[in-house]
Amino acid sequence: MVIERRPLREQIRDELMERLTRGEFAAGTDVNEAVLAAELGVSRTPLREALITLAGEGVLESNQGRGFRFAPVSRKEFRELVAIVAALESLALESSDPVHLRRIAPELLRLAQGFPDAVAEHAVVDRRDDEWHGLLLSGCPNARLLGLLTGVKAGMRRYENLVVAEDEPVARESEEHCEIARRLLDDDLPGAIEALKANWVGGMERMLAHIPAD
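Residue numbers (this note's numbering): 15 to 228.
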């Protein structure tokens, strides 16, 4: 692992998430801290700090006081995570500068219309969605809210990465993003918020098709 000029625990956390995305860790498996620290070339202290962070994000869970393990997948928990993300994004959108929203609305619509595929590779969908939602919330001044949103999204993405490979085709609906943008173009913020919630519900239902029943 290449050491960067930022807290080591953050680098370790990001490295573990990347490995999770690549399928190197299976849900429900224990974390061997000694082996992992040796692989990463770090001491146990920053590794444990990173593991605690991931536990707070729902990626890991405490293994009865004996360490950590990668949390198993649950349709119920995935629904709960998506509900939280939808609520936080709605609040961030509601808190955004109206002038800024009007300014970015045409670009949001252009991006949505420029990616109309009904089915696309999972990695591509994730990248495009991150870009789009990042622009949508770029006018939110509440850094703490955006930080909470990032943490909850990490837990939600854990599910997606565990059950769907990066190159696996997944269903999507570009019209949901287009509707949000159109509402913003019409200065209809309440309508945009409702369309945003509908987008998250639709995405959740499409992803649930890949998650085994509890």
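From the three backbone atoms N, C-alpha and C, an ideal C-beta is built for every residue, glycine too.
What you are looking at is a predicted structure, and each value in this text was computed from that prediction instead of being measured.
Just confirm the distance between the C-beta atoms of residue i and residue j, as a whole number of angstroms; I'd bet it's less than 8 Å.
i, j, result
"Asp-228", "Arg-89", "5 Å"
"Leu-163", "Val-73", "Not a contact, Cβ separation roughly 16 Å."
"Ala-185", "Arg-220", "5 Å"
"Arg-27", "Thr-67", "5 Å"
If distances are taken between C-alpha atoms only, which option among the options comes closest to residue i?
i, options, result
"Ala-134", "Gly-165, Leu-160, Lys-211 and Ser-188", "Ser-188"
"Glu-94", "His-191, Gly-169, Gly-42 and Asn-175", "Gly-169"
"Ala-69", "Ala-51, Met-218, Arg-142 and Arg-172", "Arg-172"
"Glu-182", "Arg-36, Glu-47, Lys-167 and Asn-46", "Arg-36"
"Leu-54", "Arg-116, Gln-25 and Pro-226", "Gln-25"
"Met-218", "Phe-129, Ala-157, Asp-201 and Glu-190", "Glu-190"
"Val-166", "Leu-65, Pro-226, Ala-97 and Phe-39", "Ala-97"
"Phe-82", "Glu-47, Ala-101 and Lys-211", "Glu-47"
"Gly-148", "Ile-118, Leu-50 and Ala-209", "Ile-118"
"Asp-201", "Ser-110, Met-31, Pro-130 and Arg-33", "Ser-110"
"Gly-161", "Arg-58, Leu-50 and Leu-102", "Leu-102"
"Trp-214", "Asp-144, Pro-130 and Ala-157", "Asp-144"
Among the residues of its own chain, which have a CB less than 6 Å from the CB of residue i, if the five just before and after it don't count?
i, result
"Ala-106", "Leu-151, Cys-154 and Leu-159"
"Glu-180", "His-136 and Ala-137"
"Glu-63", "Arg-23"
"Leu-125", "Trp-146"
"Ala-51", "Arg-58 and Leu-61"
"Glu-71", "Gly-165, Ala-168 and Gly-169"
Leaving out five residues before and five after residue i in sequence, what residues of the same chain have Cβ atoms less than 7 Å from its Cβ?
i, result
"Leu-22", "Val-56 and Pro-60"
"Leu-176", "Ala-41 and Val-87"
"Ile-225", "Val-87, Arg-89, Phe-92, Tyr-173 and Val-177"
"Leu-65", "Val-45, Leu-74 and Phe-82"
"Lys-211", "Ala-100 and Ser-104"
"Thr-43", "Arg-83 and Phe-84"
"Arg-33", "Phe-39"
Please return the same chain residues whose Cβ sits closer than 8 Å to the Cβ of residue i, not counting the five positions on each side in sequence.
i, result
"Leu-222", "Arg-89, Phe-92 and Arg-93"
"Leu-203", "Leu-107, Glu-108, Pro-112, Leu-115 and Arg-197"
"Ile-207", "Ser-104, Leu-107 and Glu-108"
"Leu-123", "Cys-192, Ala-195, Arg-196 and Leu-199"
So what does residue i bridge to, in DSSP terms?
i, result
"Val-45", "The partner list for Val-45 (beta bridge, DSSP) is empty, contrary to what the question assumes."
"Val-133", "Ala-185"
Only counting runs of 4 or more residues, tell me where the alpha helix (DSSP H) segments fall wholly within the region 75-111, in order along the chain. 89-108
Could you give the uninterrupted runs of the alpha helix (DSSP H) lying entirely in the region 138-204, keeping only those of 4 residues or more? 157-177 and 188-199
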